[in-house]
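Notes for the one structure printed next.
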Amino acid sequence: MYTELKTVANKIIGITNRQGGVSPYPADAMNMALYIDDAPENVITNQQRLAEAINFSRDNWVFPIQIHDKEVAEVTQDDRGTNISELTEKLHGIDGLYTYDRDVLLTMCFADCVPVYLYSDLDNFIALGHAGWRGTKEEIVKKLVEAYPSPEHLHCMIGPSICENCYEVNADIKSQFSSDAEPYFELKDNGNYKIDLQGINKMLAVKAGVPSEQIEISGICTAEDERFFSYRTEKGKTGRMLAFIGTRNQS
């Protein structure tokens, strides 16, 4: 149903798998997106299954309307429930969330793009970013790190996403990246470039002040691992995983 990427004290960091739900992608799939061709009641059932599995009520989840851009927003307990049962105009155009509040589960949907998770070892700060090639180019990870005053105390997890062997971009897209990203491109015989989005996002986190030894890369490719949906492998006809990070109240 889900892959737990890390458990630190009372924090939970993970991403859902494609199996274990009730959506038709194919049968029994764990689609977590309300914005694709799936019945809303299927998505809500899938949400409830995850909520019970991770012991984090869906009433406490927050979900933004992602547009592959660079805007980030702080949320609090007052935002809990946003865009969970139905989509609204709240948090529209947001691809990065952060909070200092406990009992708030930050969530975003993915199907190849890079989920970037941040948490502090000083307090309850957590953050979640959606970094496809556009979000990576716009350095959304840097914006999330800059939202916290002490980046040396941040830890970063770069979650399952498409790897460089399964994803290529053309020269025009490559030219939009800063020169720091040059080592993460590899020219192919067809004139396009492999791109290591996971590696670029780690580099950006380090540049923003997160110590390299406090950054982990999952190394999981969503296009190769059958546990996950892949937009590119399945040519857009697929579901979406839910990446999540939250801090529970200690018992």
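When we follow UniProt numbering, the leftmost residue of the sequence shown carries the number 1, and every step to the right adds one.
Note that the Cβ used here is the ideal one computed from N, Cα and C, for glycine as well.
These numbers were taken from a predicted model, which means no experiment stands behind them.
- Contact check for Leu97 and Pro64: beta-carbon distance about 6 Å, within the 8 Å limit, so the pair qualifies.
- Taken through DSSP and simplified to helix, strand or coil, His68 comes out as coil.
- With a threshold of 16 other beta carbon atoms within 10 Å, Tyr35 falls short and is exposed.
- Nearest to Lys235 by alpha-carbon distance, out of Asp196, Val145 and Tyr167, is Tyr167.
- Membership of Leu122 in any alpha helix (DSSP H) is not indicated, and neither H nor E is assigned to it by DSSP.
- Closest option to Val72, judged by alpha-carbon separation, among Tyr148, Cys221, Asp78 and Ile54: Tyr148.
- Residue Asp103 holds the alpha-carbon nearest to the alpha-carbon of Arg80 among Glu164, Glu138 and Asp103.
- A straight-line Cα-Cα distance of about 48 Å links Asp78 and Leu187.
- In this structure, DSSP gives Thr233 a state outside helix and strand, which the three-state scheme calls coil.
- Residue state for Gln19 is assigned as strand, using DSSP reduced to three classes.
- For secondary structure counted as the beta strand (DSSP E) over 3 or more consecutive residues, the region 44-115 holds these complete runs in sequence order: 72-74, 96-99 and 105-110.
- Rounded to the nearest angstrom, the gap between the Cα atoms of Gly209 and Asn124 is 19 Å.
- With respect to Leu105, Phe244 sits close: the two C-beta atoms are nearer than 7 Å.
- In this structure, Met30 sits near Gly20, with a CB-CB distance shorter than 7 Å.
- CA-CA distance, Val62 to Ile84, rounds to 7 Å.
- As the crow flies, the alpha-carbon of Ile44 is around 17 Å from that of Phe110.
- Our two residues, His155 and Thr238, have alpha carbons roughly 31 Å apart in a direct line.
- Contact check for Thr16 against Leu242 passes: the beta carbons are separated by less than 7 Å.
- Distance check between Asp95 and each of Thr247, Glu74, Val116 and Gly129 places Gly129 closest, using alpha-carbon atoms only.
- Around the C-beta of Asp38, 16 or more other C-beta atoms lie within 10 Å, and the residue is accordingly described as buried.
- C-alpha of Phe56 to C-alpha of Asp121: approximately 21 Å in a straight line.
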